[in-house]
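Numbering (mature numbering (1 follows the signal peptide of the UniProt record, and there is no 0)), first residue to last: -34 to -1, 1 to 65.
Quick notes on the structure that follows.
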């Protein structure tokens, strides 16, 4: 069977796409980033007392923060959000009033 005389309608033959993908994976090194962590200050506090949540290893200038209940970032699980530029705090649907 002979190879086609013209490239497929997309303009590229499949091996060219594979070659591009391999080239990008070979030469592209993803940037190293620190893992963002949140510390409670003080580390242990009685119910009903105030606590500070300190965010560590933030890169760049964040525009805001959001706290969610559970392991997913769904709007229905949002407890509270904070907009840095406006210094505005807004409660979400998962806010119970006990946070």
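By construction, the Cβ of each residue, glycine as well, lies at the ideal position given by its N, Cα and C atoms.
Extent of the continuous beta strand (DSSP E) to which residue i belongs
i: residue 30; result: 30 to 34
i: residue 21; result: 18 to 22
Short Cβ contact (8 Å threshold) for residue i with residue j
i: residue 46; j: residue 65; result: yes
i: residue 42; j: residue 56; result: no
i: residue 17; j: residue 4; result: no
Backbone secondary structure at residue i - three-state DSSP
i: residue 10; result: coil
i: residue 42; result: helix
i: residue 60; result: coil
Euclidean distance between Cα positions of residue i and residue j
i: residue 6; j: residue 29; result: 21 Å
i: residue 34; j: residue 27; result: 21 Å
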